[in-house]
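Asks: As they're listed, the protein sequences go chains E and G.
Residue 301, in this note's numbering, is where the first sequence stops; the numbers in between run on with no holes.
Residue 565, in this note's numbering, is where the second sequence stops; the numbers in between run on with no holes.
By construction, the Cβ of each residue, glycine as well, lies at the ideal position given by its N, Cα and C atoms.
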Amino acid sequence: MQFLGKKIPSPLTLASGILGISFSSLQRIISDGAGMVTTKSLSLEPRIGHEGPVIAEFEGGLINSVGLTNPGIHDGLEEVEKFHKEFDGVSIVSVFGGNAADFTELAEAVNHSSANFLELNLSCPNVEDEFKRPFALVPEKITEIVSAVKAVSKKPILAKLSPNAYDVAEMASLAETAGADAITMINTLGHGMVIDAIARRPVLRNNFGGISGPCIKPLAIKLVRDVYQRVNIPILGTGGVSNGLDAVEMMMAGASAVAIGSAVYDQGLDVFKTTRLEMEQFMETHGYSDYSDLVGILEEN
Amino acid sequence: MKRDRQTIPIASIREENPSLRTFSFGAQLKALPGQFVMLTIFGQGEKPFSIHNVTETSFSMTIKNIGPFTNRLFEMNVGDLISIRGPYGTAFNQESGRVLMVGGGFATPPLYFQAKVLRNMDIDYLVNINGARSKSDLLYVSGFQELCDRSLIATDDGSLGHNGTSVDVMLDVLKEESFDQIYISGPEKMMKAAVEVAKSYDIPFQVNLERYMKCGVGVCGSCVMDPHGFILCMEGPVVSGADLDKLEDFGVSHRDKTGRVVSL
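#1: Classify E:Met193 as helix, strand or coil using the three-state DSSP reduction.
#2: Only counting runs of 4 or more residues, tell me where the alpha helix (DSSP H) segments fall wholly within the region 444-521 of chain G, in order along the chain.
#3: Output needed in chain order: residues of the region 332-356 of chain G with a Cβ under 9 Å from some Cβ in chain E.
#4: Determine, for E:Asp196, whether the minimum Cβ-Cβ distance to residues of chain G falls below 8 Å.
#5: Below 7 Å on C-beta distance, what does G:Pro528 contact in chain E?
#6: Any idea if G:Arg386 is buried or exposed, counting beta-carbon neighbours within 10 angstroms, 16 or more meaning buried?
#7: So E:Ser264 contacts chain G; which residues on that side make the cut at Cβ distance below 8 Å?
#8: So that I know if they touch, is there some Cβ in chain G lying closer than 8 Å to that of E:Asp102?
#9: Report the partner residues of G:Ser325 according to the DSSP bridge assignment.
#10: Between the beta-carbon of G:Val400 and the beta-carbon of G:Asp481, is there less than 8 Å?
#11: Output, in sequence order along the chain, the residues in the region 360-390 of chain G whose CB is closer than 9 Å to any CB in chain E.
#12: Taking 8 Å as the CB-CB cut-off, is E:Val241 touching chain G?
#13: Could you compute how far the alpha carbon of E:Val146 sits from the alpha carbon of E:Glu130?
#14: If E:Lys155 and E:Asn111 are in contact, beta carbons under 8 Å, what's the gap, nearest whole angstrom?
#15: Which residue wins for smallest C-alpha separation from E:Gly268, given the options G:Gly522, G:Ser554, G:Asp546?
#16: Since G:Arg556 meets chain E, which of its residues come closer than 9 Å, beta carbon to beta carbon?
#17: Am I right that E:Ala172 and E:Ile157 are in contact with their C-beta atoms under 8 Å? What's the rounded C-beta distance?
#18: Taking G:Gln329 as the reference, which of G:Ser452, G:Ile309, G:Arg556, G:Thr323 has the closest Cα?
#19: Contact defined as beta carbons within less than 8 Å: I believe E:Ile235 pairs with E:Tyr228. What is the distance between those atoms, to the nearest angstrom?
#20: Between G:Leu439 and G:Arg451, what straight-line distance do the alpha-carbon atoms span, to the nearest angstrom?
#21: For the putative contact between E:Pro125 and E:His50, defined by C-beta atoms under 8 Å, what is the C-beta separation to the nearest angstrom?
#22: So does E:Glu249 have its beta carbon nearer than 7 Å to some heavy atom of the ligand MG?
#23: Comparing alpha-carbon positions, which option in G:Lys493, G:Asn509, G:Gly444, G:Gly459 lies nearest G:Val468?
#24: Within 8 Å of any Cβ in chain E, is that where the Cβ of G:Val540 sits?
#25: Can you tell me whether E:Lys132 is buried or exposed? The criterion is at least 16 other CB atoms within 10 Å of its CB, across all chains shown.
#26: Quick one: list the residues of chain G neighbouring E:Glu51, beta-carbon separation under 8 Å, in chain order.
#27: Report yes if the CB atom of G:Thr363 is closer than 8 Å to the CB atom of G:Pro410, and no otherwise.
#28: Leaving out five residues on either side along the sequence, give the residues of the same chain with a beta carbon under 7 Å from the beta carbon of E:Gly60.
#29: In terms of residues, what are the limits of the beta strand (DSSP E) holding G:Asn431?
#30: What does the Cβ neighbour count give for E:Ile297, buried or exposed, with the cut at 16 atoms within 10 Å?
#31: Hey, how far is the Cα of E:Phe103 from the Cα of G:Ile485?
#32: For E:Asn64 and E:Pro163, what's the separation of their Cα atoms in angstroms?
#33: Below 8 Å on the Cβ atoms is my contact criterion, and I expect E:Gly89 with E:Ile30 to pass it. Report the Cβ-Cβ distance as a whole number of Å.
#34: Taking 8 Å as the cut-off, decide whether the C-beta atoms of E:Thr39 and E:Gly20 are in contact.
#35: With a cut-off of 8 Å on the beta carbons, I'd call G:Phe337 and G:Pro349 a contact; round off their distance for me.
#36: Using only CA atoms, which one of G:Ser325, G:Thr466, G:Gly398 lies nearest to G:Met377?
See the structure below:
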């Protein structure tokens with residue numbers, strides 16, 4: 001199958017933020033069955049991120065507030081170069097900036113790398129105190145940043161959107177009009193808070209964080225469906241996918257590829273292998289010959 | 302998803318020396334030597350710590366005061382609440398033959414725990430080498446003496462035991478005696494030297510590694526070691542000889558809090 005013209009062995013993709021610092025993790029995840037890997041969001045300067053605990057579990061999934069920990073674009077792209085050296089794998093470099101100028105500077109740096117795709121993280125929920133409202137919630141910011149990056153980027157661009165926008169399909173449409181080549185959706189939901197009742201304290205040091213895991217899957221699937229019906233560019237669908245059937249559902253809703261994040265917490269890196277196997281079994285049982293046959297085939301009642 | 306946190310009061314605090322304290326908690330923790338927990342101080346942060354001892358109804362950690370987090374911990378009192386998740390990671394294996402333990406500095410708590418476990422399973426012969434900068438930095442001197450057939454000491458300043466490092470003593474011991482297994486826990490440069498010695502005698506060994514860990518559960522990527530993406534918080538911290546050979550950054554580099562590679 002293909003994604004944005006690039007041949008990939010599987011639609012399964014490592015979502016940004018999970019294990020995506022080092023070339024060795026990224027290579028290992030491709031070897032474990034992923035078709036593409038996304039780096040942690042890289043910023044112009046290195047960032048330590050928030051103090052721990054940065055992750056808290058609850059019945060339906062996780063909340064996290066990592067705060068965009070990353071080694072900065074310079075060191076991050078060195079890892080990307082090491083990833084591609086004598087290794088066959090497709091990379092998505094996620095970047096994060098505080099304004100359109102930051103994003104274009106980041107895009108220009110990525111131009112000079114071996115990265116395959118550029119993902120614009122417009123939707124991190126954990127740095128509002130520092131960067132104000134996430135860009136993915138502000139229509140004119142989506143247009144401004146995506147157009148500015150499109151003007152300089154030599155790599156296909158994915159715009160990563162938030163489920164917190166009132167009309168996510170409209171945001172996707174704005175990104176498409178501004179030149180996005182694909183949509184990544186959804187980033188984590190909320191903010192959510194997990195409380196430690198004995199201590200009368202939130203578990204996360206940052207008090208609240210983005211919600212991920214199985215509980216956000218129905219929302220992700222509905223939003224992917226809405227966006228699929230609205231735009232003509234491919235969707236990298238993510239949100240609560242933890243097995244093969246989840247991934248099939250996400251593709252039927254309209255995703256061309258599927259990213260996995262929080263399920264790594266529960267299942268380890270085996271999740272890529274098992275999910276891929278489960279997808280293949282489903283397709284064989286139900287008569288689908290290629291992953292791409294699944295995309296958008298949902299029939300609504 | 303799994304829930305493995307316990308919020309509990311500090312049951313007791315024992316001062317080992319001005320910068321080292323053992324914190325005990327009255328709760329069960331099913332941990333093995335070498336494993337660690339993530340300890341939260343509410344409003345402060347969360348850090349990983351090796352376990353020093355467990356009983357049916359309690360567990361403890363010996364912690365060195367090295368920065369803002371441990372400064373805050375050292376201000377806390379019996380009865381104050383902390384939160385623990387874990388235990389996480391791999392443990393030392395449990396050999397029954399002739400065992401040598403080589404420890405350095407404040408990385409010896411897992412070896413003390415291991416000595417207790419091995420002694421409870423009637424190990425044949427157990428030797429411990431306990432190294433530190435100075436006499437006052439040595440941990441569990443009498444504890445190791447009770448548990449081990451031989452308990453040797455090395456201090457950098459010669460204030461107690463051999464004047465030198467635990468690796469110097471290791472070399473001396475190996476000239477006289479043979480062992481089936483070596484367990485190593487200390488500063489990385491010291492471990493690197495001890496590993497070379499163990500290899501030269503062709504004795505199986507395990508080391509207890511340390512890297513910056515933020516999540517402890519294999520998702521944040523802070524502790525990953527190159528070039529195979531070894532996830533130390535889950536696949537370590539205790540690593541056997543064969544696996545250690547695949548970790549090219551052992552003794553060379555680690556990642557800082559942002560993920561940048563920096564030399565050791």
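Replies: Let me spell this out:
#1: In the structure shown, E:Met193 adopts coil according to DSSP, grouped into three states.
#2: If only complete runs of 4 or more residues are kept, the region 444-521 of chain G shows the alpha helix (DSSP H) at 467-477, 489-501, in order along the chain.
#3: Met339, Thr341, Phe343, Gly344, Gln345, Gly346, Glu347, Lys348
#4: yes
#5: Ser24
#6: buried
#7: Ser is not the amino acid found at residue 264 of chain E; the sequence shown has Val there. Neighbours of E:Val264 on chain G, chain order: Gly519, Val520.
#8: no
#9: G:Ser313, G:Ser361
#10: yes
#11: Phe370, Leu382, Ile383, Ser384, Arg386
#12: no
#13: 21 Å
#14: 7 Å
#15: G:Gly522
#16: Ile21, Ser22, Pro71
#17: The Cβ separation is near 13 Å, so there is no contact.
#18: G:Ile309
#19: 6 Å
#20: 16 Å
#21: Not really, about 12 Å apart at Cβ, beyond 8 Å.
#22: Of the ligands one can find in the structure shown there are none, so the ligand MG has no counterpart to examine.
#23: For G:Val468, the nearest C-alpha among the options comes from G:Lys493.
#24: no
#25: exposed
#26: Correct list: Gln345, Gly346, Glu347.
#27: yes
#28: Gly213, Pro214, Cys215
#29: From DSSP, the beta strand (DSSP E) with G:Asn431 extends over 426-433.
#30: Classification of E:Ile297: exposed, given that the 10 Å Cβ count is below 16.
#31: When rounded, the separation of the alpha-carbon atoms in E:Phe103 and G:Ile485 is 47 Å.
#32: Rounded to the nearest angstrom, the gap between the Cα atoms of E:Asn64 and E:Pro163 is 16 Å.
#33: 4 Å
#34: yes
#35: Confirmed, Cβ separation roughly 5 Å.
#36: G:Ser325
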